[in-house]
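Trainee: Counting along the sequence shown from 1, when you hit position 284 you're at 284 in full-length UniProt numbering, and nothing is skipped either side.
Glycine included, C-beta positions come from ideal geometry on N, C-alpha and C.
In this text the structure is predicted, and so the values were computed from the model without any measurement.
For reference, the structure I am asking about is given below.
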Amino acid sequence: MGLEPFTKDSTIFRDENVLRDSHTPKTLIERDEELTAYQSALRPVVNGAQPKNLFLYGQTGVGKTLATKLVLERLSTDLEPMDDVDLHTVFLNCKSLSSSYQVAANLVNEFREPDNQIKTTGYPSGMINQMLWDHLNELDASHCLVVLDEVDSIGNDDDILYQVPRSNDNGLVDGTQVGVIGISNDFTFRDNLSARVKDSLCDEEILFSPYDANQLRRILEQRAEQAFHDDVLDDNVIPLAAAFAGQSSGSARQALRRLYKAGDIARDQGATLVTEGHIRLADRAVERDKVWEELLRVPTHSKLTLYALLMLEAEGELPAKRSAIYKRYRIAANRIDIDPRTDRTVHDRLSQLTLKGFLEVEEKNKGPKGGSYYQYQFSIRPELVTEALSEDSRVGELFD
Ligand SMILES: Nc1ncnc2c1ncn2[C@@H]1O[C@H](COP(=O)(O)OP(=O)(O)OP(=O)(O)O)[C@@H](O)[C@H]1O
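Structure, rendered in structure tokens:
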């Protein structure tokens with residue numbers, strides 16, 4: 001079959017870019033309470049006082065990053081005419097950073113010019129921390145807000161989440177008032193924060209709950225107005241996209257993806273209208289992609305836990321108890337020189353993986369003597385897990 005010519009499409013999309021992840025809308029709708037709490041935690045900055053440290057949590061795609069962008073932009077704008085307060089913001093995504101050391105080293109680089117970056121391994125950790133305090137002390141700003149997105153990646157090694165929020169109180173930074181905004185979509189991480197971290201990082205906690213179908217509908221309607229030409233969406237398209245996304249995740253990102261994909265499919269078919277059929281097809285495609293993407297994104301120790309289940313699967317031993325999983329997990333971790341964490345960590349990883357829908361858990365009774373235990377197995381295709389783990393630079397070595 002020959003290639004079709006690329007012709008300009010003008011019948012479906014007015015501006016498809018507004019449906020992309022990279023687009024930042026000017027307003028966050030359906031989140032008034034969260035925005036009020038957010039602004040209130042940062043209000044002290046305007047009065048020259050120390051901001052509260054904030055911890056934002058909630059599942060993926062529920063507006064945490066967007067809220068942060070909009071609130072910080074607004075704060076910067078409102079501070080512009082004020083001579084006595086200058087704000088410096090640092091935004092670090094911690095996705096691939098698995099220790100306090102790595103977070104500190106990457107923060108140091110955020111303060112340095114691109115041609116003056118330090119190596120992020122090899123220094124004594126006290127030295128890295130000192131570099132960070134030096135940069136904060138030398139900063140020509142009265143306030144510094146440090147945003148740590150996807151902060152759960154650092155796992156139990158969370159000392160930095162105590163150090164930075166307390167850097168003023170502990171006399172490490174003087175002159176610049178420091179506030180930390182931690183963002184996470186891992187609920188077990190929040191529950192397991194050490195008491196002193198909880199105490200210092202979480203002056204205020206803001207929960208972003210999943211959107212329901214009605215909220216998603218309003219978010220989609222607002223975006224569709226800019227994205228699509230008038231009258232190209234069948235009446236039930238947005239309600240259906242919102243309902244599907246509401247049922248599966250409550251994520252605005254997933255809802256927007258369904259709408260975009262449906263428009264895409266309609267365009268590929270040369271249709272002039274986006275219909276219910278297109279949304280149904282889009283729903284299936286987006287759901288498949290979502291599982292894949294989330295698998296790629298789980299932290300290293302979750303990947304090792306999944307690998308342990310793959311080992312058990314190969315041995316014909318699934319479903320399996322936690323003790324059997326933990327044993328394989330240790331073998332896998334040691335094989336690629338990663339320090340195994342405790343049984344407790346693997347327990348948390350199993351809960352998180354179950355929550356995300358990768359595993360299913362069944363409670364078993366021990367018999368007449370009572371007590372019960374849990375057995376785990378995959379609820380997605382193991383081949384998909386193998387494929388995703390193979391993509392990981394470290395865990396992938398296990399397949400060599
Ligand atoms: N209330 C909202 N109004 C408009 N758009 C929204 C809203 N909430 C989320 N979005 C959009 O949904 C997408 C995901 O939002 P965002 O990145 O803020 O989520 P998140 O909670 O930070 O998720 P993650 O933890 O995955 O980073 C973005 O494209 C954002 O523009």
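When you compare the CB positions of residue 123 and residue 71, do they come within less than 9 Å of one another, or not?
Mentor: Stepping through the sequence shown from its first residue, residue 123 is reached at position 123. Stepping through the sequence shown from its first residue, residue 71 is reached at position 71. Not in contact: residue 123 and residue 71 (Cβ atoms no closer than 9 Å).
Trainee: Return helix, strand or coil for residue 123, following the three-state DSSP convention.
Mentor: Residue 123 sits at position 123 when you count from the first residue of the sequence shown. In the displayed model, residue 123 falls within coil according to three-state DSSP, outside both helix and strand.
Trainee: CA-CA distance, residue 210 and residue 104?
Mentor: Taking the first residue of the sequence shown as 1, we reach residue 210 at position 210. Taking the first residue of the sequence shown as 1, we reach residue 104 at position 104. Going from the Cα of residue 210 to the Cα of residue 104 covers about 31 Å.
Trainee: Keeping to the same chain, check which residues put their C-beta closer than 6 Å to that of residue 243; ignore five residues upstream and five downstream.
Mentor: In the sequence shown, counting from the first residue as 1, residue 243 sits at position 243. Cβ within range, chain order: 213.
Trainee: For the putative contact between residue 179 and residue 52, defined by C-beta atoms under 8 Å, what is the C-beta separation to the nearest angstrom?
Mentor: For the purposes of this step, residue 179 is taken as the residue at position 179 of the sequence shown. For the purposes of this step, residue 52 is taken as the residue at position 52 of the sequence shown. 7 Å between Cβ atoms; contact.
Trainee: Quick check on the DSSP output: the alpha helix (DSSP H) that includes residue 398 runs from which residue to which?
Mentor: As a working note, residue 398 is residue 398 in the sequence shown. Per DSSP, residue 398 is not a residue of any alpha helix (DSSP H), being assigned neither H nor E.
Trainee: Can you list, in chain order, the residues of its chain with a C-beta nearer than 6 Å to that of residue 313? Leave out the 5 residues immediately preceding and following it.
Mentor: Translated into positions along the sequence shown, residue 313 becomes position 313. So the list reads 382, once near-sequence residues are dropped.
Trainee: Is residue 146 closer than 9 Å to residue 207 when the C-beta atoms are compared?
Mentor: Counting from 1 along the sequence shown, the entry for residue 207 is found at position 207. Counting from 1 along the sequence shown, the entry for residue 146 is found at position 146. Going by C-beta atoms, residue 207 is not nearer than 9 Å to residue 146.
Trainee: Looking at residue 233 and residue 273, is the spacing between their C-beta atoms short of 9 Å?
Mentor: Position 273 of the sequence shown, counting from 1, holds the residue named residue 273. Position 233 of the sequence shown, counting from 1, holds the residue named residue 233. Yes, the Cβ-Cβ distance between residue 273 and residue 233 is below 9 Å.
Trainee: Could you compute how far the alpha carbon of residue 245 sits from the alpha carbon of residue 130?
Mentor: In the sequence shown, counting from the first residue as 1, residue 245 sits at position 245. In the sequence shown, counting from the first residue as 1, residue 130 sits at position 130. Distance between the alpha carbons of residue 245 and residue 130 is about 46 Å.
Trainee: State the Cα-Cα distance for the pair residue 78 and residue 34, rounded to the nearest angstrom.
Mentor: Locating residue 78 in the sequence shown gives position 78, where the first residue counts as 1. Locating residue 34 in the sequence shown gives position 34, where the first residue counts as 1. In a straight line, the C-alpha of residue 78 is about 19 Å away from that of residue 34.
Trainee: Leaving out five residues before and five after residue 23 in sequence, what residues of the same chain have Cβ atoms less than 8 Å from its Cβ?
Mentor: Working through the sequence shown from its first residue, we reach residue 23 at position 23. Cβ neighbours of residue 23 beyond the five flanking positions: 17.
Trainee: From 251, 386, 278, 298, pick the residue whose C-alpha is nearest to that of residue 309; which is it?
Mentor: As a position in the sequence shown, residue 309 is number 309, starting the count at 1. The option with the nearest alpha carbon to residue 309 is 386.
Trainee: Beta carbon of residue 196, beta carbon of residue 162: below 9 Å?
Mentor: Position 196 of the sequence shown, counted from the start, is the residue given in the question as residue 196. Position 162 of the sequence shown, counted from the start, is the residue given in the question as residue 162. Cβ distance < 9 Å, so residue 196 and residue 162 count as in contact.
Trainee: Alpha carbon to alpha carbon, what distance is there between residue 377 and residue 301?
Mentor: The sequence position of residue 301 within the sequence shown is 301, counting from 1. The sequence position of residue 377 within the sequence shown is 377, counting from 1. The straight-line gap from Cα to Cα measures roughly 17 Å.
Trainee: Since residue 408 sits in a beta bridge, which residues does DSSP pair it with?
Mentor: Since the first and last residues shown for the chain are 1 and 400, residue 408 lies out of range.
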